[in-house]
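Count the sequence shown with our numbering and you get residues 9 to 60, in order.
Don't be surprised by glycine CBs; every beta carbon is placed ideally from N, CA and C.
For clarity, every value in this text was computed on a predicted model and none was experimentally measured.
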Amino acid sequence: FAGSLAGVLYSIILAFVLSRIADAEEMDLIARFGQEYIRYGKKVPKLFPHAW
C-alpha cells in the first residue's frame, strides 16, 4: 500500500473508524466513572500522550 491511493484511503478510513471507537469507549468510561474519568481525561491527551 505504500505510496498508493489505496494506502492513503485505507489510512483515512482506519483513522476515522478508530476515532469513532475511541469516542464510544470514552462515553462508556464517563458513564461508568463520571467526574473521576472526566478529570482524568483533561490531564491525559486522547491520542498522543506526552513523552516527558
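Per-residue DSSP class, three states only, for Val16: helix
C-alpha gap between Asp36 and Leu17, whole angstroms: 29 Å
C-alpha gap between Glu44 and Val52, whole angstroms: 13 Å
Helix, strand or coil at Leu55 [DSSP, three-state]: coil
Inter-residue CB distance, Ile38 and Ile29 (contact presumed, cutoff 8 Å): With a Cβ gap of about 15 Å, Ile38 and Ile29 do not count as contacting.
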